[in-house]
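Taking my numbering, the leading residue of the sequence shown gets 16, the next gets one more, and so forth. Note that CB positions come from ideal geometry on N, CA and C, so glycine has one too. Okay, so here's the structure we're looking at.
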Amino acid sequence: MRNLLRTLHQALGPESGLVLVGGAVRDLLLDRPSPDWDLATALLPDEVTARARAAGLRVIPTGLQHGTVTVMVGARGFEITT
16 MRNLLRTLHQ
26 ALGPESGLVL
36 VGGAVRDLLL
46 DRPSPDWDLA
56 TALLPDEVTA
66 RARAAGLRVI
76 PTGLQHGTVT
86 VMVGARGFEI
96 TT
């Protein structure tokens with residue numbers, strides 16, 4: 016999982032302020048597998064989309080009305096919300 020997150024962080028850039036949020040944080044602290052990895056960023060959805068696509072990643076506009084897109088890293092989807 017770390018390699019997937021690293022790929023995502025590199026695609027969006029360090030200035031994105033990308034952070035892990037939600038139940039995945041709890042699961043990490045409890046050393047449990049997490050089925051759902053949600054992230055938050057300072058970037059707007061169109062910026063996330065442009066940067067992810069420029070890095071060759073697929074983007075799904077899952078919840079634009081809520082500021083959320085899903086970025087696919089391989090077969091794994093990460094919901095990223097502004």
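From this set, Val63, Arg17, Thr85 and Glu62, which residue's C-alpha is nearest Leu43's C-alpha?
Against the sequence shown, residue 43 aligns to sequence position 28. Selected option, being the one with the closest Cα: Arg17.
According to DSSP, what are the bridge partners of Glu94?
If you number the sequence shown from 1, residue 94 lands on position 79. Looking at the DSSP assignment, Glu94 forms a beta bridge with Asp53 and Thr85.
Assuming Thr96 and Thr85 make a contact with CB atoms under 8 Å, what is their CB distance in whole Å?
Within the sequence shown, numbered from 1, the residue matching residue 96 stands at position 81. Within the sequence shown, numbered from 1, the residue matching residue 85 stands at position 70. Incorrect: roughly 10 Å between the Cβ atoms, too far for contact.
In chain order, what residues of the same chain have a beta carbon less than 6 Å from the beta carbon of Gly92, not counting five sequence neighbours either side?
In the sequence shown, counting from the first residue as 1, residue 92 sits at position 77. Non-local beta-carbon contacts of Gly92 in its own chain, meaning distances under 6 Å to residues more than five positions away in sequence, involve Thr85 in chain order.
Just to confirm, are Arg66 and Leu27 a CB contact at a threshold of 9 Å?
Taking the first residue of the sequence shown as 1, we reach residue 66 at position 51. Taking the first residue of the sequence shown as 1, we reach residue 27 at position 12. In this structure, Leu27 lies closer than 9 Å to Arg66 by Cβ.
Does Leu79 pass the burial test, meaning 16 or more other C-beta atoms within 10 Å, or should it be called exposed?
As a first step, residue 79 is located in the sequence shown; it is residue number 64 there, counting from the start. Exposed, since its Cβ has fewer than 16 Cβ neighbours within 10 Å.
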